[in-house]
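Student: Can you keep this structure in mind? I'll have questions shortly.
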Amino acid sequence: MIKLKIENLELYYPLKSIDSYLIRARLVKKVKNFFFQKQESSKKIKENQKYIKALKNINFELEQGDRLGLIGLNGSGKSTLLKCLSNIIPISSGNINNYDNEFLPIIIPQSMCEPNDTIKNNLILLGYLLGFKKKDILESIDHILKFADLEKYKNLPFNTLSTGMKFRLVFSICFLIEGKSLFFIDEFLTTGDEKFQNKGFEYINSMTSKNIIILCSHSRRVIQKFCNKLLILNSGNQVFFGSIGEGLDYYDKIVKN
Amino acid sequence: MAISKIRVRFIRTALGPIWEVLGTLIFLIFISVVWSKLWKIPFIEFFLYLYPGFIIWKAIYSVIVDGTYLFSDTYSSHFENVKVHPIVFCLAHAAKNFIVLLFSFPIVLIIVFYSGSLHVYTLILIPFFLLLFFITSVAVTFIIATFCLKYRDLQFSIAVFLSLAFFITPVIWQVEQLGEKSQRFLIEPNLIYHYIEFFRSSFINGNVNELSLNIVIITTLLTCLIAFITYKFVKNKLAFWIT
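Those protein sequence lines, which keep their order, are chains A and B. Per the numbering used here, residue -10 is the first one in the first sequence, and the count goes up by one each step. Per the numbering used here, residue 60 is the first one in the second sequence, and the count goes up by one each step.
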């Protein structure tokens, strides 16, 4: 039984100025401090570092077959939460109990592709990067290219594809190779043409009884059509977790305020 | 990832990776014609000295300079999309440079064979050197990529420093052309020289001086240790420095 349980998840995100990324600025500051006797202890410097609480009080539990919609205003922490769940960003406190480790973050996978390499080679490379097994990738190549309707393009460079075609390819890589049961999807399904979107949704719907999907989106249509639970984030806070209908009414109030 | 990067690098060239070898070969033949006359050294002797030294310098330069933007640019999107251990990117980077270095090997072996200076020990020393060089490349890549991610202006300083290092490292000129005193100050502390000397001397003479051998082994171990300590300190910070 696949299960995902999040308990009291918090994330402190360090806020750094451009100067803190320049060794020149650091040296100048040190020299100034030395000559003007303004030496700060390393403890004080640490205290002065600014953090924002990017995520707080995140608690939810999902079971096999659940499709959670993640909604919130810009900057509310939706993508950050997905990155935390995928271990891309280390959390500050709390627990992520993932009872099946085979998860797949789908954030902007196409950005990892080599624009000048062929579509087929990119398919294999992306498959590796997303953590699929070599055997499963090689077995799925033809099926992926057929599903994405890109068979005749397989030996062309990746950058010859349009945005929509790239989406079709990446979608097919993410969902057609076997081996993953937890999908964390960031705004991904809302790109691409409607024809493929419907085909994609149909495919995902046919496989969701075996998986857990978390979908981050601004689109009510997508969330209503696809999800059975909703989590609302507001300034990093979890303000709602429950059914879609009730959740969208709550979200309306946030938007109006 | 390494093979993909190499494929992309040569995708638009008619000769593929052979172009890399031929380009360097032609360039070094021209340099050897002129400089062997300037220093009154037989062409083949100078070319035999220059070629192995230059290809290993090129590999070192590429490992370091391309490493400066490995995390901040080359693989930054990977860090934002998937959880992959950063050492994987360093391995890919080192492997890419290693494979490009290997492309030049047939030429070196042909030159050494025809000049009659191929030694049995060369065949033992070179694989040993390549192993040490690959390990150092991975460790150095990690250290440099991490520091250049933290301090973005460091990459320009490193590129300038390496351009300077080319002139004070005996790649084109020979160590014996310096006085004994200058050798002690300019050559012995120069770590890049010891890697070049190990590689070059293994090919030409089938042996390596004890100092260079020891320094390369110690440097390999030290860079691994520094990379490991750096990783321990930064493993939870890298994601925040990139995003």
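Each residue gets a CB set at the ideal place from its N, CA and C atoms; glycine is no exception.
(1) Which residues mark the beginning and the end of the beta strand (DSSP E) in which A:A43 is found?
(2) Can you confirm whether B:K122, when its beta carbon is compared against all beta carbons of chain A, has any partner nearer than 9 angstroms?
(3) Find the residues of chain A that neighbour B:N140, judging by a C-beta separation of less than 8 angstroms, and give them in chain order.
(4) In the DSSP assignment, the beta strand (DSSP E) including A:N84 goes from what residue to what residue?
(5) Quick check on this structure: which residue in B:S63, B:Y252, B:I263 has the alpha carbon closest to the alpha carbon of B:N273?
(6) In the DSSP assignment, the alpha helix (DSSP H) including B:L284 goes from what residue to what residue?
(7) Can you give me the C-alpha to C-alpha distance between B:F228 and B:V199, rounded to a whole angstrom?
(8) Go ahead and label A:P104 buried or exposed: buried means 16 or more other beta carbons lie within 10 angstroms of its beta carbon, across all protein chains shown.
(9) Can you tell me whether A:E50 is buried or exposed, with buried defined as 16 or more other CB within 10 angstroms of its CB?
(10) According to DSSP, is A:I174 helix, strand or coil?
(11) Considering only the alpha carbon of each residue, which of A:Y88, A:L139, A:E140, A:N48 lies closest to A:Q219?
(12) Which bits of chain A does B:D212 rub up against, with CB to CB less than 7 angstroms?
(13) In this structure, does DSSP put A:G120 in helix, strand or coil?
(14) Where does A:L145 land, buried or exposed, given buried means 16+ other C-beta within 10 angstroms?
(15) Would you identify the three-state DSSP class for B:E104, choosing helix, strand or coil?
(16) With respect to the beta strand (DSSP E) encompassing A:C205, which residues constitute its N-terminal and C-terminal limits?
(17) Please tell me whether B:I194 and B:Y290 are closer than 9 angstroms, where the distance is taken between their beta carbons.
(18) Could you tell me whether any non-hydrogen atom of the ligand MN is closer than 8 angstroms to the CB of B:S176?
(19) Tell me, please, which residues DSSP counts as bridged to A:Y1.
(20) Please check the pair A:I77 and B:K142, which I expect to be a contact at CB under 8 angstroms, by giving their CB distance rounded to whole angstroms.
(21) Tell me, please, whether the CB atom of B:H144 is closer than 9 angstroms to any CB atom in chain A?
(22) Candidates A:E91, A:S206, A:P98, A:L93: which alpha carbon is nearest A:V159's?
(23) In terms of residue numbering, what span does the alpha helix (DSSP H) encompassing B:I146 cover?
(24) Report the residues of the region 36 to 53 of chain A with a CB closer than 9 angstroms to any CB of chain B, ordered along the chain.
Tutor: If we stick to the structure as given:
(1) The residue labelled residue 43 of chain A in the question sits at position 54 within the first sequence. Unbroken beta strand (DSSP E) run through A:A43: 39 to 52.
(2) Within the second sequence, numbered from 1, the residue matching residue 122 of chain B stands at position 63. Sequence inspection shows Val at residue 122 of chain B; the Lys mentioned does not correspond to that position. No, B:V122 lies away from the interface with chain A (no Cβ there is under 9 angstroms from its Cβ).
(3) In the second sequence, the residue the question calls residue 140 of chain B occupies position 81. Going along chain A in sequence order, the residues near B:N140 (Cβ under 8 angstroms) are I77, P94, I96, I97, P98, S100, M101, L118.
(4) As a first step, residue 84 of chain A must be located in the first sequence, where it is residue number 95. Element bounds for A:N84: 82 to 87.
(5) By one-based count along the second sequence, residue 273 of chain B stands at place 214. Nearest option by C-alpha distance: B:Y252.
(6) To locate residue 284 of chain B, count along the second sequence from 1; it is residue 225. B:L284 -> alpha helix (DSSP H) spans 269 to 293.
(7) Working through the second sequence from its first residue, we reach residue 228 of chain B at position 169. Working through the second sequence from its first residue, we reach residue 199 of chain B at position 140. The amino acid occupying residue 228 of chain B in the given sequence is Thr; Phe does not appear at that position. In a straight line, the C-alpha of B:T228 is about 19 angstroms away from that of B:V199.
(8) Within the first sequence, numbered from 1, the residue matching residue 104 of chain A stands at position 115. Under this definition A:P104 is an exposed residue.
(9) The residue given as residue 50 of chain A occupies position 61 in the first sequence. Classification of A:E50: exposed, given that the 10 Å Cβ count is below 16.
(10) What you label residue 174 of chain A is simply residue 185 of the first sequence in a count that begins at 1. Here A:I174 sits in strand by DSSP.
(11) For the purposes of this step, residue 219 of chain A is taken as the residue at position 230 of the first sequence. The residue asked about is misnamed: residue 219 of chain A is Leu in this sequence, not Gln. Of the candidates A:Y88, A:L139, A:E140, A:N48, the one whose C-alpha sits nearest the C-alpha of A:L219 is A:N48.
(12) Counting from one through the second sequence, the residue named residue 212 of chain B turns up at place 153. Simply L11, I12, R13.
(13) As a working mapping, residue 120 of chain A is identified with position 131 in the first sequence. It is coil, neither helix nor strand.
(14) The count along the first sequence starts at 1 and reaches residue 145 of chain A at position 156. So A:L145 counts as exposed.
(15) Mapped onto the second sequence, residue 104 of chain B falls at position 45. In the structure shown, B:E104 sits in a helix (DSSP, three-state: H, G or I).
(16) Working through the first sequence from its first residue, we reach residue 205 of chain A at position 216. If you look at A:C205, you'll find it in the beta strand (DSSP E) that goes 201 to 205.
(17) As a first step, residue 194 of chain B is located in the second sequence; it is residue number 135 there, counting from the start. As a first step, residue 290 of chain B is located in the second sequence; it is residue number 231 there, counting from the start. Note that the C-beta distance between B:I194 and B:Y290 is not below 9 angstroms.
(18) Ligands in the displayed structure: none, and consequently the ligand MN is not present.
(19) Here residue 1 of chain A is taken as the residue at index 12 of the first sequence, counted from 1. Paired residue(s): A:K42.
(20) On the first sequence, residue 77 of chain A is found 88 positions in, with the first residue counted as 1. On the second sequence, residue 142 of chain B is found 83 positions in, with the first residue counted as 1. Yes, A:I77 and B:K142 are in contact; Cβ-Cβ is about 5 angstroms, under 8 angstroms.
(21) Here residue 144 of chain B refers to the residue found at position 85 when the second sequence is read from its first residue. Not one chain A Cβ lies under 9 angstroms of B:H144.
(22) Against the first sequence, residue 159 of chain A aligns to sequence position 170. Cα-wise, what sits closest to A:V159 is A:P98.
(23) The residue labelled residue 146 of chain B in the question sits at position 87 within the second sequence. First-last of the alpha helix (DSSP H) with B:I146: 145 to 162.
(24) none
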